[in-house]
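Asks: Once you've had a glance at the structure underneath, I'll fire off some questions.
Protein chains: 2
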Amino acid sequence: MGSSLAITNRSLHDQVASRVRDLIIEGTLEPGSRIDEAHLIEELGVSRTPFREALRTLAAEGLVIVRPSKGSIVRKLTPEDVFSMLEVLGHLERLAGELACERATDAEVADLIALHERMMACYRTRERMPYYKMNQEFHARLAELSKNETLREMQANIQARLKRIRYIGNQKPDSWAGAVADHEDMVRALKDRDGPLLGEAMASHLKKTWERVKDSL
Amino acid sequence: MGSSLAITNRSLHDQVASRVRDLIIEGTLEPGSRIDEAHLIEELGVSRTPFREALRTLAAEGLVIVRPSKGSIVRKLTPEDVFSMLEVLGHLERLAGELACERATDAEVADLIALHERMMACYRTRERMPYYKMNQEFHARLAELSKNETLREMQANIQARLKRIRYIGNQKPDSWAGAVADHEDMVRALKDRDGPLLGEAMASHLKKTWERVKDSL
DNA sequence: TACGTGCTATATGTATACAAAATACATGGA
DNA sequence: TCCATGTATTTTGTATACATATAGCACGTA
Chain A
37 MGSSLAITNR SLHDQVASRV RDLIIEGTLE PGSRIDEAHL IEELGVSRTP
87 FREALRTLAA EGLVIVRPSK GSIVRKLTPE DVFSMLEVLG HLERLAGELA
137 CERATDAEVA DLIALHERMM ACYRTRERMP YYKMNQEFHA RLAELSKNET
187 LREMQANIQA RLKRIRYIGN QKPDSWAGAV ADHEDMVRAL KDRDGPLLGE
237 AMASHLKKTW ERVKDSL
Chain Y
37 MGSSLAITNR SLHDQVASRV RDLIIEGTLE PGSRIDEAHL IEELGVSRTP
87 FREALRTLAA EGLVIVRPSK GSIVRKLTPE DVFSMLEVLG HLERLAGELA
137 CERATDAEVA DLIALHERMM ACYRTRERMP YYKMNQEFHA RLAELSKNET
187 LREMQANIQA RLKRIRYIGN QKPDSWAGAV ADHEDMVRAL KDRDGPLLGE
237 AMASHLKKTW ERVKDSL
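As structure tokens, then:
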């Protein structure tokens, strides 16, 4: 089920929004740089209408800033922005951890732990990119296990805004090692279904993320 | 400062977004109902382009749902939606309370307490509408005092989604009395700059809000 | 040379026109 | 009568055209 024989239900502006979102997250469109409408619609092969609608969506998501009559730019995060996002994210994920311990099924917990094991395998072989992607997924999946849709949505939103930054975070080997240790703690607490402990682990993990990241801003 | 002599910098889609947002919040556009594009652009005196851009913004904010090729509807909150929002909001405001105690200036605290006093005056004379508005402002201002812009933004977003619902909340007299008691607790903790206590008060206030509201869904 | 002024080019904002899809309706057959 | 199919009408989606605002530049003046 799911995809089956669905053709192309998504409207153009949805597709454009996804595409441009990716361009921003992966850094092809640099933070602070102007978004050249004429150039991008050429590239994407669409007209201005769906493109501009997509921009409005991304603006509401906080990835883009529209300056009336002066064009749009990719939002550039100040250190204060990043700090405030990590502060909030830490508390959201604390909540997610607590709720997940109460609400997730055993199968869901097992799945998440399996993902963790694969992450650890990547760490041992120092494959940064796969590790990075699995890490994003780990946090997103934990938010899902809270069975709280609003929490999942907010977590996803902040995580998207921070994606660029966090990739930089684990550049230094000992930072990476630290993050891995944090994750071991989380999984242990999750296995035991110790909500408060997992919550603490999440919050502390994100506090440390700030330490790991702040110098590269 | 602020307004000074600025003429009209806001673009049409911004104005339309604000206008329609208000129509949704105040209930003129009913939850679950179709948004009649042709009719509304006539009413607002704008063309479809800025109107549709505004719709995309509201969709990203979670107030509107766009169903591809089938038009847009005002999002109708299920009880689960409301519960999940209040759960998250409770924890966000707990954080806001803790941070505000640490970071707000004495003057800011005094201002907020003054607002509280005015709210109480409205309660004594049973002026529901002014009370309701000041209450919204109270929570928004507390979020500001956290000096965390992300927190302020997320709080505002969830509060906007819930506005309709919460107006219903204090219909019953004893519910209203309960909310007032909660607020007295908050202000006491704020006066003492007791962060953990204020945090607890906020979280508990929003848990009770669910109790107050759930039957009218 | 430095600054201000007005013009031109370009980019942005909005309206309209055209295309495609969905819905409502009517007609015909079982 | 009920359902199916085809057609008309309405609504939504996208492209383009037009209007307006901004920014860059050349020129003139102090």
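Heads up: the sequence lines are chains A and Y, in that order. Counting in this note's numbering, the first sequence runs from 37 upward without gaps. Counting in this note's numbering, the second sequence runs from 37 upward without gaps. Note that the Cβ used here is the ideal one computed from N, Cα and C, for glycine as well. All values derive from a computational prediction rather than experimental measurement.
Apart from the five residues just before and just after Gly235 (chain A), which ones in its own chain have a Cβ nearer than 6 Å to its Cβ?
Replies: Indexing the first sequence from 1 puts residue 235 (chain A) at position 199. Hits under 6 Å: Arg130, Gly133 and Glu134.
Asks: Would you identify the three-state DSSP class for Arg105 (chain A), choosing helix, strand or coil?
Replies: By one-based count along the first sequence, residue 105 (chain A) stands at place 69. The sequence shown places Ser at residue 105 (chain A), not Arg. Correct three-state label for Ser105 (chain A): coil.
Asks: Considering just the uninterrupted stretch of the alpha helix (DSSP H) at Gln51 (chain A), what are its terminal residues?
Replies: Along the first sequence, one-based indexing puts residue 51 (chain A) at 15. Leu48 to Ile61 is the span of the alpha helix (DSSP H), which, as asked, contains Gln51 (chain A).
Asks: Could you tell me whether the Cβ of Val124 (chain A) comes closer than 7 Å to any Cβ of chain Y?
Replies: Residue mapping note: residue 124 (chain A) aligns to position 88 of the first sequence, counting from 1. True, the Cβ-Cβ gap to chain Y drops below 7 Å.
Asks: Below 8 Å, can you find three or more Cβ-Cβ pairs linking the stretch 92-101 of chain Y to the stretch 48-61 of chain Y?
Replies: The stretch 92-101 of chain Y is in contact with the stretch 48-61 of chain Y.
Asks: Output needed for Arg188 (chain Y): all residues of its chain with C-beta closer than 6 Å, excluding positions within five of it in sequence on either side, in chain order.
Replies: Along the second sequence, read from residue 1 onward, the residue named residue 188 (chain Y) stands at position 152. Here the set comprises Ala179 and Glu180.
Asks: Three Cβ pairs or more, each shorter than 8 Å: is that satisfied between the stretch 105-112 of chain Y and the stretch 171-178 of chain Y?
Replies: Touching, no, given that fewer than three Cβ pairs across the two stretches are closer than 8 Å.
Asks: Run through the DSSP bridge pairs and tell me what Arg188 (chain A) is partnered with.
Replies: Taking the first sequence and counting its residues from 1, the one referred to as residue 188 (chain A) is at position 152. Paired residues: none, contrary to the question.
Asks: Return helix, strand or coil for Arg197 (chain Y), following the three-state DSSP convention.
Replies: Locating residue 197 (chain Y) in the second sequence gives position 161, counting from the first residue. Arg197 (chain Y) falls in the helix class under three-state DSSP.
Asks: Under a Cβ-count criterion, where at least 16 other Cβ atoms within 10 Å of its own Cβ denotes burial, should Pro86 (chain Y) be classed as buried or exposed?
Replies: The residue given as residue 86 (chain Y) occupies position 50 in the second sequence. Burial call: buried.
Asks: Out of curiosity, what's the CA-to-CA distance linking Arg177 (chain A) and Gly126 (chain Y)?
Replies: Mapped onto the first sequence, residue 177 (chain A) falls at position 141. Mapped onto the second sequence, residue 126 (chain Y) falls at position 90. Whole-angstrom Cα-Cα distance: 22 Å.
Asks: Grab the span of the alpha helix (DSSP H) containing Lys244 (chain Y) for me, first residue to last.
Replies: Walking along the second sequence from the start, residue 244 (chain Y) turns up at place 208. Its alpha helix (DSSP H) spans residues Gly231 to Val249.
Asks: Flag Ala213 (chain Y) as yes if its beta-carbon sits less than 7 Å from any beta-carbon of chain A, otherwise no.
Replies: Here residue 213 (chain Y) corresponds to residue number 177 of the second sequence, with the count starting at 1. No, its Cβ sits nowhere closer than 7 Å to a Cβ of chain A.
Asks: Assuming Trp246 (chain A) contacts Leu122 (chain A) under a Cβ cut-off of 8 Å, what Cβ separation, rounded to an integer in Å, is found between them?
Replies: Within the first sequence, residue 246 (chain A) is the residue found at index 210, counting from 1. Within the first sequence, residue 122 (chain A) is the residue found at index 86, counting from 1. Sure, about 5 Å apart at Cβ, within 8 Å.
Asks: What residue from A:Val82, A:Arg103 and A:His75 has the CA that sits closest to Gly68 (chain A)'s CA?
Replies: Taking the first residue of the first sequence as 1, we reach residue 68 (chain A) at position 32. Nearest C-alpha to Gly68 (chain A): A:Arg103.
Asks: Among the candidates Y:Gln195, Y:Asp221, Y:Phe119 and Y:Ala136, whose CA atom is the shortest distance from the CA of Asp13 (chain Y)?
Replies: With chain Y represented from 37 up to 253, any question about residue 13 (chain Y) goes unanswered, as that position is not in the structure.
Asks: Report the residues of the stretch 71-95 of chain Y with a CB closer than 9 Å to any CB of chain A, ordered along the chain.
Replies: So the close ones are Thr85, Arg88, Glu89, Ala90, Leu91, Arg92, Thr93, Leu94 and Ala95.
Asks: Contact criterion: CB-CB distance below 7 Å. Does Glu138 (chain Y) meet it with respect to chain A?
Replies: For the purposes of this step, residue 138 (chain Y) is identified with residue 102 of the second sequence, where counting begins at 1. No, because no Cβ of chain A sits closer than 7 Å to the Cβ of Glu138 (chain Y).
Asks: Comparing the C-beta of Glu185 (chain A) with each C-beta of chain Y, is any distance below 7 Å?
Replies: Indexing the first sequence from 1 puts residue 185 (chain A) at position 149. It does: the Cβ of Glu185 (chain A) has a partner Cβ on chain Y nearer than 7 Å.
Asks: Of the residues Y:Asp147, Y:Lys227, Y:Arg164 and Y:Ala192, which one's Cα is nearest the Cα of Val216 (chain Y)?
Replies: The residue you call residue 216 (chain Y) lines up with position 180 of the second sequence. If we check each option's Cα against that of Val216 (chain Y), Y:Arg164 comes out closest.
Asks: Roughly how many angstroms separate the alpha carbons of Met37 (chain Y) and Asn45 (chain Y), rounded to a whole number?
Replies: Residue 37 (chain Y) sits at position 1 when you count from the first residue of the second sequence. Residue 45 (chain Y) sits at position 9 when you count from the first residue of the second sequence. With a pLDDT of 42 at Met37 (chain Y), under the threshold of 50, the modelled position of that residue is not reliable, and the figure given next carries that caveat. Rounded to whole angstroms, Met37 (chain Y) to Asn45 (chain Y) spans 16 Å at the Cα level.
Asks: Would you verify that the beta carbon of His175 (chain A) is, or is not, closer than 7 Å to some beta carbon of chain Y?
Replies: Here residue 175 (chain A) refers to the residue found at position 139 of the first sequence. Taking Cβ atoms only, chain Y never reaches closer than 7 Å to His175 (chain A), which makes this a no.
Asks: Are Leu128 (chain Y) and Met222 (chain Y) close, meaning C-beta to C-beta below 7 Å?
Replies: Start at 1 with the first residue of the second sequence, and residue 128 (chain Y) comes out as number 92. Start at 1 with the first residue of the second sequence, and residue 222 (chain Y) comes out as number 186. Contact flag unset, no.
Asks: Check the DSSP bridge columns for Val110 (chain A) and list the partner residues they point to.
Replies: The sequence position of residue 110 (chain A) within the first sequence is 74, counting from 1. Answer by DSSP bridge pairing, in chain order: A:Val100.
Asks: Alpha carbon to alpha carbon, how far is Lys229 (chain A) from His219 (chain A)?
Replies: Position 193 of the first sequence, counting from 1, holds the residue named residue 229 (chain A). Position 183 of the first sequence, counting from 1, holds the residue named residue 219 (chain A). As written in the sequence, residue 229 (chain A) is Arg, which differs from the Lys given in the question. Roughly 15 Å between the two C-alpha positions.
Asks: Between Gly63 (chain A) and Arg200 (chain A), is the Cβ-Cβ spacing less than 7 Å?
Replies: Position 27 of the first sequence, counted from the start, is the residue given in the question as residue 63 (chain A). Position 164 of the first sequence, counted from the start, is the residue given in the question as residue 200 (chain A). It is a contact, given that the beta carbons lie within the stated cut-off.
Asks: Between Thr254 (chain Y) and Val82 (chain A), what straight-line distance do the alpha-carbon atoms span, to the nearest angstrom?
Replies: The requested residue 254 (chain Y) is not part of the displayed model; chain Y covers only 37 to 253.
Asks: Distance, Cα to Cα, Ile77 (chain A) vs Glu97 (chain A)?
Replies: Within the first sequence, numbered from 1, the residue matching residue 77 (chain A) stands at position 41. Within the first sequence, numbered from 1, the residue matching residue 97 (chain A) stands at position 61. Near 21 Å, if we compare the C-alpha coordinates of Glu97 (chain A) and Ile77 (chain A).
Asks: Taking the beta carbon of Ile149 (chain Y) as the centre, do at least 16 other beta carbons fall within 10 Å, making it buried, or is it exposed?
Replies: By 1-based counting over the second sequence, the position of residue 149 (chain Y) is 113. Its Cβ having fewer than 16 others within 10 Å, Ile149 (chain Y) is exposed.
Asks: Where Leu253 (chain A) and Ile204 (chain A) are concerned, what is the direct C-alpha to C-alpha distance, given to the nearest angstrom?
Replies: Residue 253 (chain A) sits at position 217 when you count from the first residue of the first sequence. Residue 204 (chain A) sits at position 168 when you count from the first residue of the first sequence. So the two alpha carbons sit approximately 9 Å from each other.
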